[in-house]
Amino acid sequence: MSVSEDRTVQPSATALPPSGVADPAPLGLAGFALTTFLLSAANAGWMSHATGAAFLGYAFAYGGLAQLLAGMWEFRNRNVFGAVAFSSYGAFWIGLGLWVLQVKLPSLAAAKPLTLAATVTALNHDVGWILLAFFIFNTYMLVLSTQINLAVFLVFLTLGITEIVLAIGQFNAGAAVNPTGTVKVGGYIGLLTALVAWYTSMALVSRGMAGAKIKLPVGAALLK
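In this note's numbering, the protein residues as written are 1263 to 1486.
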């Protein structure tokens, strides 16, 4: 009589292995900070001897693609807040870049501003609506950021102020091609936003380095 042996392996409940993905947040913040800095410098009137379009390529490559990738890696890390934030603002920069390519570059190529006042006003209103929409998104992300840390909260706080001030400036710009007073104020607040985001990126890099001698503070969460 032969004896049959059951060699069926039953699955066991085991914990999922770690993702193996390093924290992508510093990359997302750095891409956001640099692109915001370039656009804000133009809005603040600092680029009087430049085209003002220096941000455009980086809206696709760094603030756009790199930040979008950071958001995808945050999904892999199961960090829903970081995934939504980086993916959304990566898409924001890509979308803004596509909008500029669609309506702005023909006038730059002609080396003269648009002469039709109604068209310029409509373009300024386009930007105003884009900023207003992202201000709404940023507002609920700001509320949720109170549960993360002070540095991230300040990024969303300064960004929200930048967006609403710029939106007001764009709606009130009329047929102005160059930045108006309110837009310039928004540009300066945007520069502050970029600095806060750069600091947060640097702090997270320092805290993610094995054996790092310098670890910059990010502050405690406002809500625990």
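Glycine is no exception: its CB is placed at the ideal position from the N, C-alpha and C atoms.
Bear in mind the structure is a predicted one, so any value in this text is a computation, not a measurement.
Expressed to the nearest angstrom, what Euclidean distance is found between the alpha-carbon atoms of Lys1486 and Val1342? By one-based count along the sequence shown, residue 1486 stands at place 224. By one-based count along the sequence shown, residue 1342 stands at place 80. Going from the Cα of Lys1486 to the Cα of Val1342 covers about 18 Å.
Which residues in the same chain have their Cβ closer than 8 Å to the Cβ of Leu1330, if we skip the five residues on either side of it in sequence? For the purposes of this step, residue 1330 is identified with residue 68 of the sequence shown, where counting begins at 1. Only Phe1348, Ser1349, Gly1352, Ala1353, Ile1356 meet the Cβ criterion.
Work out the CA separation of Asn1400 and Leu1421 for me, nearest whole Å. Translated into positions along the sequence shown, residue 1421 becomes position 159. Translated into positions along the sequence shown, residue 1400 becomes position 138. Between Leu1421 and Asn1400, the C-alpha separation is close to 8 Å.
Apart from the five residues on each side of it in sequence, which residues of its chain come closer than 8 Å, Cβ to Cβ, to Gly1473? Here residue 1473 refers to the residue found at position 211 when the sequence shown is read from its first residue. Cβ within range, chain order: n/a, list empty.
Report yes if the C-beta distance between Val1458 and Leu1484 is below 8 Å; otherwise report no. Stepping through the sequence shown from its first residue, residue 1458 is reached at position 196. Stepping through the sequence shown from its first residue, residue 1484 is reached at position 222. Their beta carbons are not under 8 Å apart, which means Val1458 does not touch Leu1484 by this criterion.
When Gly1452, Ala1482, Ala1465, Leu1291 are compared against Ala1306, the one with the closest alpha-carbon: For the purposes of this step, residue 1306 is taken as residue 44 along the sequence shown, with counting starting at 1. When each option's Cα is compared against that of Ala1306, the closest is Gly1452.
Between the Cα of Leu1393 and those of Gly1319, Gln1432, Thr1313, spot the shortest distance and give me the residue it belongs to. Position 131 of the sequence shown holds residue 1393. The residue with the shortest Cα to Cα distance from Leu1393 is Gln1432.
So Ile1476 is in the alpha helix (DSSP H); what residue range does that whole segment cover? Reading the sequence shown from its first residue, position 214 is the one you call residue 1476. Unbroken run through Ile1476: none, as it is neither H nor E.
Please report the straight-line C-alpha distance between Gln1409 and Ala1379, rounded to a whole angstrom. Along the sequence shown, one-based indexing puts residue 1409 at 147. Along the sequence shown, one-based indexing puts residue 1379 at 117. So the alpha carbons of these two residues sit roughly 46 Å apart.
I need the straight-line Cα distance from Pro1479 to Phe1418, nearest angstrom please. Reading the sequence shown from its first residue, position 217 is the one you call residue 1479. Reading the sequence shown from its first residue, position 156 is the one you call residue 1418. The alpha-carbon atoms of Pro1479 and Phe1418 are separated by roughly 17 Å.
My understanding is that Ala1413 touches Thr1462, with C-beta atoms under 8 Å, so please give their C-beta distance in whole angstroms. Stepping through the sequence shown from its first residue, residue 1413 is reached at position 151. Stepping through the sequence shown from its first residue, residue 1462 is reached at position 200. Indeed, because the Cβ distance is near 4 Å, the residues count as touching under 8 Å.
Use the C-beta contact count for Asp1268: other C-beta atoms within 10 angstroms, 16 or more gives buried, fewer gives exposed. The sequence position of residue 1268 within the sequence shown is 6, counting from 1. Here Asp1268 scores only 46 on pLDDT, less than 50, and its place in the model should not be relied on; the value that follows carries that caveat. Exposed, since its Cβ has fewer than 16 Cβ neighbours within 10 Å.
Can you give me the C-alpha to C-alpha distance between Ala1373 and Phe1397, rounded to a whole angstrom? Here residue 1373 refers to the residue found at position 111 of the sequence shown. Here residue 1397 refers to the residue found at position 135 of the sequence shown. Unreliable placement is indicated for Ala1373, whose pLDDT of 43 sits below 50; the coordinate value is still reported in the next sentence. Going from the Cα of Ala1373 to the Cα of Phe1397 covers about 33 Å.
In three-state DSSP terms, what is Ile1356? The count along the sequence shown starts at 1 and reaches residue 1356 at position 94. Three-state DSSP puts Ile1356 in a helix.
On a Cα-Cα basis, can you pick out the residue from Ala1429, Val1283, Ala1482 that is closest to Arg1340? Translated into positions along the sequence shown, residue 1340 becomes position 78. For the residues Ala1429, Val1283, Ala1482, the minimum Cα distance to Arg1340 belongs to Val1283.
Nonlocal neighbours in the same chain, by C-beta distance under 6 Å from Leu1291, ignoring five residues either side: As a position in the sequence shown, residue 1291 is number 29, starting the count at 1. So the list reads Ala1459, Thr1462, Ser1463, once near-sequence residues are dropped.
By the three-class DSSP mapping on this structure, what secondary structure does Leu1416 have? Along the sequence shown, read from residue 1 onward, the residue named residue 1416 stands at position 154. Helix.
For a test of the three-state rule: what should DSSP assign to Met1403, helix, strand or coil? What you label residue 1403 is simply residue 141 of the sequence shown in a count that begins at 1. Met1403: helix per DSSP, three-state reduction.
Measure the alpha-carbon distance for Gly1448 versus Thr1424 and round it to whole angstroms. Taking the first residue of the sequence shown as 1, we reach residue 1448 at position 186. Taking the first residue of the sequence shown as 1, we reach residue 1424 at position 162. If you take the alpha carbons of Gly1448 and Thr1424, they lie about 5 Å apart.
For Ala1465 and Thr1381, what's the separation of their Cα atoms in angstroms? Position 203 of the sequence shown holds residue 1465. Position 119 of the sequence shown holds residue 1381. The straight-line gap from Cα to Cα measures roughly 44 Å.
As assigned by DSSP and simplified to three states, the class of Pro1286: Locating residue 1286 in the sequence shown gives position 24, where the first residue counts as 1. Note: Pro1286 maps to coil in three-state DSSP.
Tell me whether Gly1436 is buried or exposed, calling it buried when 16 or more other Cβ atoms sit within 10 Å of its Cβ. Mapped onto the sequence shown, residue 1436 falls at position 174. Counting Cβ neighbours within 10 Å, Gly1436 comes out exposed, since fewer than 16 surround it.
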